[in-house]
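Remarks on the structure that follows.
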Amino acid sequence: MVAEVREEMKERRVVVLRDILQKGSLSNVLESVFGSDVSVEREELGFMVKEGFDLIAKFNLDDYFPLRFLDFNGVKRRCCKLAGKVNSVVGQIVKERKGAGDSRSGSDSFLSALLSLPEEDQLKESDMVALLWEMIFRGTDTVALLLEWIMARMVVHPEIQAKAQEELDTCIGSHREVQDSDIPNLPYLRAVVKEVLRLHPPGPLLSWARLAIHDVHVDKTFIPAGTTVMVNMWAITHDPSIWRDPWVFNPDRFIEEDVLIMGSDLRLAPFGAGRRVCPGKALGLATVHLWLARLLHEYRWLPAKPVDLSECLRLSLEMKRPLECHVVQRRSKVTQ
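Convert by adding 3 to the 1-based position in the sequence shown; the result is the number in our numbering.
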């Protein structure tokens, strides 16, 4: 990824991070799901993920006039076509792995784990395809969009960027790359990630909607049966009764108080909590920390044009307009 940033800056004189981050995130997810040998299908899967994002964001009159014989915007047709491609491409990978006994490289992948289950616990092939596609589709956007928000904040707040880079220089120096093992020694960088998760939670409405099937009390609030309930994490993370100066970007608040973000502290639970917590939270957060550390360690980030922090809710809460930056090399190319 560091090399892709350098090449884009060299060729275009500007870095549009979203494309680079989404490609890197897709590669990362595909390796986790299938292993390291999906190079043939990688580009096609990337187009399928992009088509899925486009369909979710597209205004669809059928949502308001659900008539079976009408397809106002062609969304139904495109969805059916995408579903067919998912079954074809992902299903073919599953068939090939089954036929090969999954003995090739990538034996530590999620697909390998599914195929190695005892026969009585094996999923049907259609269920396996649906599960694998869900992991690919949901796992691609969150890391990329969160990192884009973080880098936007680094560009808008150069003093915070400099402080994070000073921590990196002190901990790692300039003669080697950041490794996973360095992340526990970078408290300020981790605080930056938490503060962006607070200001721009990827999933502002956790679990979208839930229906109360019985009368229930939550603290002092009575919720009657039949009530539709949403957890508005965006409102919680911007609540002045919970957070001091909630609209101010201030990573130091997480140095003063180490708020846990894995679901045990509901003031900041961007990945959910309880049984419905995001299963990929640990991998996603580890990826964000490592990629952010390497991007800040390698380059100083400057705005190519004024940064627009407007939000847009599609599958996740993303920047309305892609971030465009200039980068300046910070460390030697000897170890790259």
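Backbone N, C-alpha and C define an ideal beta-carbon position, used for all residues, glycine too. Remember, predicted model here, so these are calculated numbers, not experimental data.
Residue i, DSSP secondary structure in three states
i	result
Thr230	coil
Val221	strand
Glu34	helix
Ala155	helix
Leu126	coil
Thr338	In this predicted model, Thr338 has a pLDDT of only 46, less than 50, meaning its place in the structure is not dependable; the value taken from the coordinates is given anyway. Thr338 falls in the coil class under three-state DSSP.
Arg193	helix
Val19	strand
Terminal residues of the beta strand (DSSP E) in which residue i lies
i	result
Leu320	320–322
Glu327	327–332
Leu316	314–316
Buried or exposed by the 16-neighbour rule on C-beta atoms within 10 Å, applied to residue i
i	result
Glu99	exposed
Asp130	exposed
Phe257	buried
Gln168	buried
Leu120	exposed
Leu64	exposed
Ala272	buried
Phe274	buried
Cys281	buried
Boundaries (first-last residue) of the alpha helix (DSSP H) holding residue i
i	result
Val92	78–102
Asp172	161–175
Ser115	113–118
Met12	5–15
Of the listed residues the options, nearest to residue i (C-alpha basis)
i	options	result
Arg324	Val19, Asn253, Ile216	Val19
Leu189	Ala147, Ala276, Pro254, Cys328	Pro254
Arg213	Asp183, Val232, Leu271	Val232
Leu326	Asp22, Gly38, Glu10, Glu14	Asp22
Cys174	His300, Ile163, Gly49	His300
His203	Arg45, Lys223, Trp250	Trp250
Residue i CB to nearest heavy atom of the ligand MG below 8 Å
i	result
Met12	For the structure depicted, the ligand MG is absent and the ligand set is empty, with no information on it obtainable.
Contiguous beta strand (DSSP E) assignments of at least 3 residues, all confined to the stretch 225–312: 231–235, 302–306
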